[in-house]
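Heads up: the sequence shown begins at 68 in our numbering, then just goes up one per residue.
Glycine residues also receive a C-beta, built at the ideal position from the N, C-alpha and C atoms.
A short worksheet on the structure shown next.
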Amino acid sequence: MKYNKNSLLFRVSLLSISFLLLIAPAVSAVLPLMIPVFKNVSRVNIESLVTVPNFGIVFGLIVSPFLVKLLDKKKTVIIGLIIFLLGGTFPMYATNFNLIVISRIILGFGIGLFNSLAFSLIAQFYDSDEERATMLGFQNMIGGLGSAFASFVLSWLITISWHMAFAVYLLAIPVLILFALVIPDDKVVEHVTKETETKSKENQKLNPKLYAIWLCFFLFFMFYVSNSYKVPQLVTSERLGNMSQYSAMMGITVLCRLPLGAAFGIIFKKLHKLVLPVGLSMMVISFWCYSFAQSMAMIFIGALILSFAIPMVIPYFYNWISWTASKENVNIATTVALVGINLASTASPFVVNFLTHLMGNTTPRAALLLASGVLLAIAIYAVIEFMHDKKQA
Numbered sequence: 068m069k070y071n072k073n074s075l076l077f078r079v080s081l082l083s084i085s086f087l088l089l090i091a092p093a094v095s096a097v098l099p100l101m102i103p104v105f106k107n108v109s110r111v112n113i114e115s116l117v118t119v120p121n122f123g124i125v126f127g128l129i130v131s132p133f134l135v136k137l138l139d140k141k142k143t144v145i146i147g148l149i150i151f152l153l154g155g156t157f158p159m160y161a162t163n164f165n166l167i168v169i170s171r172i173i174l175g176f177g178i179g180l181f182n183s184l185a186f187s188l189i190a191q192f193y194d195s196d197e198e199r200a201t202m203l204g205f206q207n208m209i210g211g212l213g214s215a216f217a218s219f220v221l222s223w224l225i226t227i228s229w230h231m232a233f234a235v236y237l238l239a240i241p242v243l244i245l246f247a248l249v250i251p252d253d254k255v256v257e258h259v260t261k262e263t264e265t266k267s268k269e270n271q272k273l274n275p276k277l278y279a280i281w282l283c284f285f286l287f288f289m290f291y292v293s294n295s296y297k298v299p300q301l302v303t304s305e306r307l308g309n310m311s312q313y314s315a316m317m318g319i320t321v322l323c324r325l326p327l328g329a330a331f332g333i334i335f336k337k338l339h340k341l342v343l344p345v346g347l348s349m350m351v352i353s354f355w356c357y358s359f360a361q362s363m364a365m366i367f368i369g370a371l372i373l374s375f376a377i378p379m380v381i382p383y384f385y386n387w388i389s390w391t392a393s394k395e396n397v398n399i400a401t402t403v404a405l406v407g408i409n410l411a412s413t414a415s416p417f418v419v420n421f422l423t424h425l426m427g428n429t430t431p432r433a434a435l436l437l438a439s440g441v442l443l444a445i446a447i448y449a450v451i452e453f454m455h456d457k458k459q460a
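This is the structure:
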């Protein structure tokens, strides 16, 4: 199969799978509409529909390398996209809550199959560092665009019914067609030299600092994602607005995030290792805006501040891992972080609700204040690390 990797069609087709990576939680706005429908299901179980796909993602990440060896990268991506489509759209006609939960896990499994391949396929087709950097930059933007577009579509679908909200996952169809028709079969043969094997054995030990970074990343995601299910609940329970308004608002804020994501390199040149504490401090302010909001305007301000902070914090965490780990251990360090992120996101509603229950205040405001406290603690640790590195410099 002949292909031109520099053509616009090829680049769009290759990047299209990244369009779907971040849309699993897009249906968070529909959860308040499902609570009165499933009266016998606890609130925390309904909220878990946002995060339970992460359990499937972890399983998909584990299975993906074996499937690639058995088939190839292209076929693995196609299988993942089909599973994504089937699992994502199942709630459109389902009425059994347990089956909906299973379908959400299946959706996550599909994402897990092509999640890591969204990165490795770029490395496969583009050799130079400049080309790879350009494509990876576009990939980050495409992921944000997918999330924003899904939020806008959902703001319309949600006015029809909660079932129709899950039609947003039909976006996988054009991606599947593009990828299947344009991207060639994988023919890459791996060659492992004796020199590489020797180096790998010499560098098997992980830098102890990685454990602290993994813990920070784990706690960060566990409490950061609480905004995806607690803010919609706050908006509806206190009648600050409706879910159609909330979905449209989230779409706008995600679009605001895109240029900042592309400008991460410039921001880092200016702030260096202060990027993380500054970004986390902005997130704390954002969560405070949510916690004390008395109107949709304050919710929007909080979401806007968060949209400026996220492109600073998350890329920094990944770079922090790559700087700390040796070249031989970067892949395993990143994989551990990725698995930890998904486990943290899955456990988030259960842990947050458990802690707020212990606090004696189970309101959304209490949960968001709790999350801001954890984010503030991580920010303080980041400042301590910055001061320590500055002394050593």
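Check	Outcome
Could you please give the first and the last residue of the uninterrupted alpha helix (DSSP H) stretch that includes H230?	W229 to A232
Please report the straight-line C-alpha distance between I84 and F181, rounded to a whole angstrom.	8 angstroms
Taking L443 as the reference, give the member of A217, T402 and L347 with the closest Cα.	L347
Under the assumption that V461 contacts M379 (Cβ atoms under 8 angstroms), give the Cβ distance between them as a whole number of angstroms.	A query on residue 461 cannot be resolved here, the shown segment of the chain reaching from 68 to 460 and no further.
Classify R78 as buried or exposed, calling it buried when 16 or more other Cβ atoms lie within 10 Å of its own Cβ.	buried
Mind reading off the beta-carbon distance from K276 to F453? Whole number of angstroms is fine, and I expect it under 8 angstroms.	Not quite, the Cβ-Cβ distance comes to about 14 angstroms (not below 8 angstroms), so this is no contact.
Pairs of beta-carbons, one from the stretch 202 to 221 and one from the stretch 152 to 162, closer than 8 angstroms: are there three or more?	no
Just reading off the alpha helix (DSSP H) that I150 is part of, what are its end residues?	K140 to T156
Quick check: the Cα distance between V345 and A446, rounded to an integer number of angstroms?	8 angstroms
Closer than 7 angstroms by C-beta to F164: which residues in its own chain qualify, once you throw out the five before and the five after it? Chain order, please.	F105 and V108
My assumption, with CB atoms under 8 angstroms, is that S374 sits in contact with C323. Please give the rounded CB distance.	5 angstroms
For Q361, which three-state DSSP category applies?	coil
My understanding is that L148 touches A217, with C-beta atoms under 8 angstroms, so please give their C-beta distance in whole angstroms.	L148 to A217, Cβ: 16 angstroms. No contact.
Less than 8 angstroms between C-beta atoms, sequence neighbours within five positions excluded: which residues of the same chain meet that for M426?	A433 and L437
For I225, which residues in the same chain have their Cβ closer than 8 angstroms to its Cβ, ignoring the five residues on either side in sequence?	A96, V97, L100, M231, A232, M310, S311 and S314
Near I372, which residues of its chain fall below 7 angstroms by C-beta distance, leaving aside the five closest residues on each side in sequence?	M349, I352, S353 and C356
If S176 and I150 are in contact, beta carbons under 8 angstroms, what's the gap, nearest whole angstrom?	The amino acid at residue 176 is misidentified as Ser; the sequence shows Phe. F176 to I150, Cβ: 6 angstroms. Contact.
Return helix, strand or coil for P99, following the three-state DSSP convention.	helix
DSSP on F105, reduced to helix/strand/coil?	coil
Taking its Cβ as the centre, do 16 or more other Cβ atoms sit within 10 Å of R306, making it buried, or is it exposed?	exposed
Judging by CA-CA distance, which residue of L435, K136, N121 and F192 is the nearest neighbour of I169?	N121
Express the C-alpha separation of T320 and Y278 in angstroms, rounding to a whole number.	33 angstroms
In chain order, what residues of the same chain have a beta carbon less than 7 angstroms from the beta carbon of N71, not counting five sequence neighbours either side?	F77
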